[in-house]
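Read in order, the letters of the sequence shown correspond to residues 1 to 432 in UniProt numbering.
We put the CB at the ideal spot given by N, CA and C, even for glycine.
Below is one structure, written out as C-alpha cells; comments come after it.
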Amino acid sequence: MPFTDLKTLYDQPPPAFGKEMLKHFAMDPAYVNLNNGSYGTPPRAVLQAAFDITTEIEANPERFHRFGYQERLKEARANIAGLIGAHQDECFLVNNATTGVGTVLRNFEWEKDDVIITFNTSYSAMANQAQYLSDVPPHPKVVIFQLNFPTTFASIISSFTSLLASPQAQVGPNNKRVVVIDSIISNPGVLLPWQELVKIAKDAGVWTIVDAAHSIGQELDINLGEVQPDFWTSNCHKWLYAKRSCAVLYIPFRNQHIIKTTVPTSNYYIALDKRNGNPNLLEQFEWLGTIDFAPFLSVNEAFKFRAWLGGEHKINAYCHDIALKAGKRLAEILGTEVMDEEGSQTLNMVNVALPLPTSLKWSNALYKRLNGALIEDHNTYSAWFFHNGKWWTRVSLQVFNEVDEVEVLGKAWLQVSKDLVKDLEDGTFKSE
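Put into C-alpha cells, the structure is as follows:
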C-alpha cells in the first residue's frame, strides 16, 4: 500500500496545521506524539520517496550503487547548504549528529595537556566521546562548563567568557582547546546564544564544534558563512522531516585539512602524502561503506514537502506559537512552572516542571516505569529529565499538534506521578 501519491500531492493545497495534518503522517492517529524532538516524524511523502528509492535500489543494486545515487546526493547537499548559508562542498551527509561530532573529535591530533570543553548539559553521547578521548593516550583534559536553568543569555555569555579565561581551561603555547557547543540543548530543550559563544571562543583561539542536532528545520535563518563555526552538525531527521537517520556535517573549506578521514575510513581514502592538495573529502563521504542511501536522498523530498506547507517561517511560526501556549497550559494542569517564562530561549520545544519528588534518583527501574506508563497506559509521550534540582518534561510541538493535546499529556503525567509517589511511599517501588 503506498504512503501517498507523489504525482498528485503537490497539485492540491496543503491542509491547515493541526490535526488536519495528521493524514500526511504515518503515526497511529490515537497516539498523541509530543516528542518529535527525539526521533523526528517523517511525513508520508518522504516515506513514499524513501520507499521508491529502496525499490529502485533492489531492482538493480549495481546500477544504483555505481552511478545511480551520486547526483541526487549532490542535490541533497545543495538543498541543505542553501538553508544553512554554506557551500554545498562544505556539507557532507552522515548518519546522525553523534557521528558528526565524533568524526571531528577523532580527526584532531591530540596532545597531552590539550583541553576539550563540554557542557554539563551536553548530549550524553557527545560528552562521552570527549571523555573517551581523555581516557586514552595522550589523555587530553576534559573541562565541563556548568549551566543551570532557568538563566539568561547574558549570564551564559558572561560565565562562558569567564570559563575560557579561568586557570582550568588554559593550555600551553603548543596545545589546543576545543569546545563542543550546543545550539539547542537536548535536555532541557532550550536555545543557547551559540553564535555569540562561537565568536567568544574564536576570539580566545578555541576551536568550535557546534552540536546543532535540533537546529535544521527548527532554527530559522542560519548563516554559517557569517557565523563561521569551525564545525557544525545537525540531524535532518529530527525537525527537517528527512527519513531517519540522516545528518549534515558542515566542514568549511578553511578547515577541511583537519578532517583527514571519515569514520569509519572510506574505500576512497587517499594517503596524506599522495593527495597533492586534494582534501579528498567529497570522495570519502560519498561512500562510507554499504549503507541505506534512502534516508540521505529523502532530504530532497523533505524540502519539497516543506515548501508545499509554506516554507520554514510558516512552519516554525506555528510550532513556536503552540509551544509557548502548550507550555503555559501544561504548567497549569500540573500545578508547576515553565522553565523559560519569557520564551526567549524557546523555539518548538518547551520545558515544564513535573510534580515528582526532587529526592527521586534516576535509575533504569525509573526509566522503565515512567516510559512504560506513558507509552503503554496513556499512549502519549514527552521526554523527561532531572536538571538543577527538579524533574522536568520537554514537550516538542510539530505541525500536526494542537495545544489541547497537552490536556492528554498533563492528565497522563498527573496519574503517572501520583501512582509513582504512592508506590514510593508504601515501598512497592524503589528507584535503584
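Original post:
Looking at C-beta atoms only, is the number of pairs between the region 173-182 and the region 104-111 that lie closer than 8 Å three or more?
Top reply: yes
Subject >> Proximity of Q345 and L191 at Cβ, strictly below 9 Å >> reply: yes
Original post:
Which class does K260 belong to by DSSP, given the choice of helix, strand or coil?
Top reply: coil
Subject >> Length at least 4, wholly inside the region 237-294: the alpha helix (DSSP H) runs in chain order >> reply: 281-286
**OP:** Going by CA-CA distance only, name the one from Q256, S162 and T290 that's closest to N267.
**Re:** T290
Original post:
Between the region 381-393 and the region 290-310, do three or more beta carbon pairs fall short of 8 Å?
Top reply: no
Subject >> Whole-number beta carbon distance between W239 and G40, since they are thought to touch under 8 Å >> reply: 7 Å
Original post:
In or out: N278 buried (at least 16 other Cβ within 10 Å) or exposed?
Top reply: exposed
Original post:
What are the start and end residues of the alpha helix (DSSP H) that includes D135?
Top reply: S124 to D135
Original post:
Using a beta-carbon distance below 9 Å, is A204 in contact with chain B?
Top reply: This model lacks chain B altogether, as it is built from one protein chain only.
Subject >> Assigned secondary structure, E432 (DSSP; H/G/I helix, E/B strand, else coil) >> reply: coil
**OP:** Could you pull out every residue in the same chain whose Cβ sits closer than 6 Å to the Cβ of G18, ignoring the five residues on either side in sequence?
**Re:** E402
**OP:** For T8, count neighbouring C-beta atoms within 10 Å of its own C-beta (all shown protein chains included) and say buried if the count is 16 or more, exposed if not.
**Re:** exposed
Subject >> Exposure of Y123, with buried meaning 16 or more beta-carbon neighbours within 10 Å >> reply: buried
Subject >> Delimiting residues of the beta strand (DSSP E) encompassing F51 >> reply: Unbroken run through F51 is the alpha helix (DSSP H), R44 to A59; no beta strand (DSSP E).
Original post:
Using a Cβ-Cβ cut-off of 8 Å (strictly less than) and excluding sequence neighbours within five positions of I322, which residues of its own chain qualify?
Top reply: L397, N401, E402 and V403
Subject >> Pick from D203, A201, A125 and N255 that is closest to N96, judged by C-alpha positions >> reply: A125
Original post:
In chain order, which continuous runs of the alpha helix (DSSP H) of length 4 or greater are located wholly inside the region 299-360?
Top reply: 312-334
Subject >> Distance, F92 Cα to L282 Cα >> reply: 8 Å
**OP:** With a 10 Å radius around its C-beta and 16 neighbouring C-beta atoms as the bar for buried, classify Q70 as buried or exposed.
**Re:** exposed
Original post:
On the three-state DSSP scale, how would you describe L420?
Top reply: helix
Subject >> Residues bridged to R63 (per DSSP) >> reply: Looking at the DSSP assignment, R63 forms no beta bridge with any residue, so it has no partner.
Original post:
What did DSSP end up calling D182 once you bin it into helix, strand or coil?
Top reply: strand
Subject >> Contacting residues, own chain, Cβ-Cβ under 6 Å from S134 (five flanking each side not counted) >> reply: P140 and V142
Original post:
Whose C-alpha, out of A247, T265 and F231, is nearest the C-alpha of I258?
Top reply: F231
Original post:
Between which two residues does the beta strand (DSSP E) carrying N235 extend?
Top reply: F231 to N235
**OP:** Determine, using beta carbons only, whether L414 and V395 come nearer to each other than 9 Å.
**Re:** no
Original post:
Do you know offhand how far N107's Cα is from G85's?
Top reply: 24 Å
Original post:
Hey, would you say Y241 sits closer than 9 Å to G217, going by beta carbons?
Top reply: yes
**OP:** Please look up how many angstroms separate the CB atoms of S186 and A169, rounded, as I've assumed it's under 8 Å.
**Re:** Contact doesn't hold; Cβ gap of about 23 Å is too wide.
Original post:
In whole angstroms, what is the alpha-carbon distance linking E425 and T336?
Top reply: 21 Å
Original post:
Smallest Cα separation from L297: which of E407, G37, Y132 and A50?
Top reply: A50
Original post:
Is it right to say W362 is buried, meaning 16 or more other beta carbons lie within 10 angstroms of its own, or is it exposed?
Top reply: exposed
Original post:
Helix, strand or coil: which one does DSSP assign to I375?
Top reply: helix
Subject >> Status (buried if at least 16 other CB within 10 Å, exposed otherwise) for P29 >> reply: exposed
**OP:** For the alpha helix (DSSP H) containing I144, list its first residue and its last residue.
**Re:** Looking at the DSSP string, I144 is not in any alpha helix (DSSP H); the run it does join, the beta strand (DSSP E), is K141 to F145.
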